[in-house]
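The structure appears below as structure tokens.
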Amino acid sequence: MSATKTKNENIVEIKNLKKYYPLTSGIMKKVTGVVKAVDDVSFVIPRGKTIGLVGESGCGKTTISKCILRAIDPTEGEIYLNNDDGAHDLATLTEKELRPLRKEMQMIFQDPFSSLNPRMNLFEIVSEPLLLNGVKNKTERQDRVEELLDKVGLRSEYMIRYPHAFSGGQRQRIGIARALALNPSLIVCDEPVSGLDVSVQAQVINLLMDLQDEFGLSYLFVSHDLSIVRQISDEINVMYLGRLVENGTPEEIFSSPKHPYTEALISAVPQADPDLVKNHKTLIGEIPNPSNPPSGCYFHPRCSYATDECKKTNPQLTIDKSGRSFSCHNAKDLQLTGLI
Amino acid sequence: MVTEKKNKNETLPLLEVRNLHTYFYTADGVVKAVDGVDLDVFPKKTLGIVGESGCGKSITTKSILRLIDRPGKILDGTMNLYDKNHENSQDITKLNNQELKQVRGGRISMIFQEPMTSFSPIHTVGNQITEAIKLHLKYEKNEAMELAEDWLIRVGMSNPKQRLKQYAFELSGGQRQRAMIAMALCTNPDILIADEPTTALDVTTQAQTLDLLNDLQEKNGMSIIMITHDLGVIAELADEVNVMYLGKVVESGTIHQVFKDPKHPYTQALLSSIPSLATGHRERLPILPGTIPHPQARPQGCPFNPRCKDFIDGTCNVEFPKQEQIEDGHLVNCHLYNK
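As you go down the protein sequences, you meet chains S and W in turn.
Residues in the first sequence are numbered from 4 upward in steps of one, following the numbering used here.
Residues in the second sequence are numbered from -2 upward in steps of one, following the numbering used here.
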């Protein structure tokens, strides 16, 4: 039975994920409130695809990635990782049960300077995951590291060098090689290119796409740079203050956004073309304090289309006839502009 | 007659930097951070400086304010800062400390990339803004506070009175950047140097900050030198662009000349390596091969030659190309265009 069972087409399924942080005060640590960092978020990551996660800082993008990797424990909800043995709910497994699953999910970090141990050389950094997972033979590890470095475009002579000898782009490649070491099926990329120069960004993005094609990797791509998310993602989730406000393919999101927040995000992206009309739909104010969110729709104080209903009730994420999902009371009546 | 004079002044540069050389004498050798840079800042215009990290764009502007510490040294060059009528000028390289104080924060102000580290954590925002006003405009404390509050309103801060009493860590990133802009502009400088002012901000806050700078420039008529590696930001704000590579300006011109018709292979590569509206889904962008060479191991001849797609052996690796004028105002240093 199990031999004929086909793999679930989604590598990760997130259902009603919540992560609340209690706010305490005084020496008795009395709970005085909660910060809803992630509030009832559900989405799936299909096998071999890239899911983009965008939003301003503080919207919960990184919290979701950390929950998936169980770097932090979710408050509520289910996170299923589907592999050959079936589905595993990462949210409820114990550390011991998680251990064999951890090698299937890896992470690439934003800052290539602080994510590499300066006291370890390149060979030690990339081979550490192998060592921890029982590859005791040093020549075997050496061969694997050589192969990995070749994949990410670094020369194997570099193996004895330390991180300080590498540029930002090269360090990010080292981070990618380390993430690939255990043949993962899912890689969470948390702002992988935002610390890099534009020319190096393109190199790393191309590399990520090539590796995906070669190994059938699935990516969760977290970024605030919409043009890169648009280029690499198969599907985009837009988040605001811990909630998902819109989901769609890049074409859908960018040509006809359904949520006013998505529209504002798109119009804020500066385009490297002096002829384009510089007409930002500038958002007023900043992202509200998550411990004291506005009533109704969280976005209404900054939304230029807000109505009375928006102040009272929180719109649910609904799917319309064409299969787009978004949470806005007025979506039917709005003609929002995407990219011109 | 008056208008004629005014027009003439607007086409003459306010700041004229010629042949600027700033070298760093480190234990490992000499780093030629800025190696013969020319730039012109025109009244009420924005000059953008773009380039990858390590190209010398920040050092160029720090040199303009003479903020270069040992082991760095401004070796050569002139930096003429003209007055409003373009009659008198002072060469910043030759100023003594007293005169320099008048220029720094007075005629030329600067805002930085990381607003958290550029504010003092132990003084209130109000104290730091009024410090500049008291020093340069010789205001009394109360007047200075009023002016500071007025400026916080102009940069769009809510509750300005309360903000003046707060510390930098109590403000959000966008508010801090606004406070810094207020601090830089409260002395009515002629030139504002903005060193990556929006890099640490969200796109939405970035858009707000860029709109604010545009607005303030229209109202106050200051010139802006905008340093960034984000070509989108440059396209939004700049009138003129200088493209820098390894301490040299390799191409300069108006924003349209440089972005619409880039001539230098480096500019072309930079522009094609960013995703645009025309980029297809999962399309591979052409990449600029290699990385910026080590500062002590600069290539011979044109510094870009090892990464250049149009490399000409025997020419590009021998001599630095002369400057050629493509059309009025559009200058490029590349052997492809040398006659």
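All C-beta atoms in this analysis are idealised placements derived from N, C-alpha and C, irrespective of residue type, glycine included.
If you're wondering where the values come from, they're calculated on a predicted model, not measured in any experiment.
Thinking C-beta only, is residue j closer than 8 Å to residue i?
| i | j | result |
| --- | --- | --- |
| S/Pro260 | S/Ser236 | no |
| W/Ala30 | W/Gly48 | no |
| S/Arg1 | S/Asn86 | Look at the range of chain S in this structure, 4 to 343, and you will see that residue 1 of chain S is not part of it. |
| S/Val37 | S/Pro25 | yes |
| W/Thr195 | W/Thr184 | no |
| S/Leu133 | S/Met162 | no |
| S/Asn136 | S/Lys99 | no |
| W/Leu234 | W/Leu210 | yes |
| S/Cys300 | S/His332 | yes |
| S/Ile128 | S/Leu93 | no |
| W/Ile65 | W/Ile108 | no |
What residue does the beta strand (DSSP E) around residue i start on, and which one ends it?
| i | result |
| --- | --- |
| W/Ile221 | 220 to 225 |
| W/Phe21 | 12 to 23 |
| S/Thr285 | Neither: S/Thr285 is in no beta strand (DSSP E) and is coded neither H nor E. |
| S/Ile108 | Rather than Ile, the amino acid found at residue 108 of chain S in this sequence is Met. 108 to 111 is the span of the beta strand (DSSP E), which, as asked, contains S/Met108. |
| W/Asp192 | 188 to 192 |
| W/Glu321 | 320 to 324 |
| S/Ala40 | 33 to 49 |
| W/Asp35 | 26 to 38 |
| W/Tyr263 | No beta strand (DSSP E) holds W/Tyr263; the alpha helix (DSSP H) holding it covers 262 to 269. |
May I ask you to report which of helix, strand or coil DSSP gives residue i?
| i | result |
| --- | --- |
| S/Leu84 | strand |
| W/Leu182 | helix |
| S/Gly55 | strand |
| W/Glu1 | At W/Glu1 the pLDDT is 45, less than 50, meaning the model places this residue with poor confidence; the figure from the coordinates comes in the next sentence. If DSSP states are grouped into helix, strand and coil, W/Glu1 belongs with the helices. |
| W/Val246 | strand |
| W/His332 | helix |
| S/His303 | helix |
| W/Leu44 | strand |
| W/Val255 | helix |
| S/Lys8 | Here S/Lys8 scores only 46 on pLDDT, less than 50, and its place in the model should not be relied on; the value that follows carries that caveat. S/Lys8: coil per DSSP, three-state reduction. |
| W/Met154 | coil |
| S/Ile269 | helix |
| S/Arg246 | strand |
| W/His327 | strand |
| S/Val138 | coil |
| W/Asn239 | strand |
| W/Ile230 | In the sequence as presented, Ile is not what sits at residue 230 of chain W; that position holds Val. If DSSP states are grouped into helix, strand and coil, W/Val230 belongs with the helices. |
| S/Ile14 | strand |
| W/Ala197 | coil |
| W/Ala294 | coil |
| S/Ile256 | helix |
| W/Met177 | helix |
| S/Lys154 | helix |
| W/Glu316 | coil |
| S/Gly341 | coil |
| S/Gln234 | helix |
| W/Asn302 | helix |
At which residues does the alpha helix (DSSP H) containing residue i begin and terminate?
| i | result |
| --- | --- |
| S/Asp213 | 201 to 218 |
| W/His133 | 122 to 134 |
| S/Phe126 | 125 to 135 |
| W/Asp212 | 200 to 217 |
| W/Arg151 | 138 to 151 |
| S/Leu183 | 171 to 183 |
| S/Asp311 | 311 to 315 |
| S/Lys69 | 64 to 71 |
| S/Arg164 | Run containing S/Arg164: none; DSSP gives neither H nor E here. |
| S/Leu104 | 98 to 105 |
Just list the residues that DSSP pairs residue i with in beta bridges.
| i | result |
| --- | --- |
| S/Phe90 | What sits at residue 90 of chain S in the sequence shown is Ala, not Phe. Beta-bridge pairing links S/Ala90 to S/Asn85. |
| S/Thr321 | S/Phe329 |
| S/Ser159 | Paired residue(s): none; S/Ser159 is not in a bridge. |
| W/Met76 | W/Val14 |
| S/Asp193 | S/Val225 |
| S/Thr27 | S/Val34 |
| S/Pro20 | Just to set this straight, residue 20 of chain S is Leu in the shown sequence, not Pro. Answer by DSSP bridge pairing, in chain order: S/Val44. |
| S/Ile239 | S/Gly55, S/Gly251 |
| W/Tyr164 | W/Thr121 |
| W/Glu280 | BP columns for W/Glu280 are empty, so no partner. |
| S/Glu79 | S/Lys21 |
By the criterion of Cβ-Cβ separation under 8 Å, what are the contact partners of residue i in chain A?
| i | result |
| --- | --- |
| S/Leu286 | You won't find chain A in this structure, because its protein chains are S and W. |
**Sequence ranges, alpha helix (DSSP H) only - wholly within the segment 48 to 116 of chain W, length at least 4** = The segment 48 to 116 of chain W contains these whole alpha helix (DSSP H) runs: 54 to 61, 94 to 100, 112 to 115.
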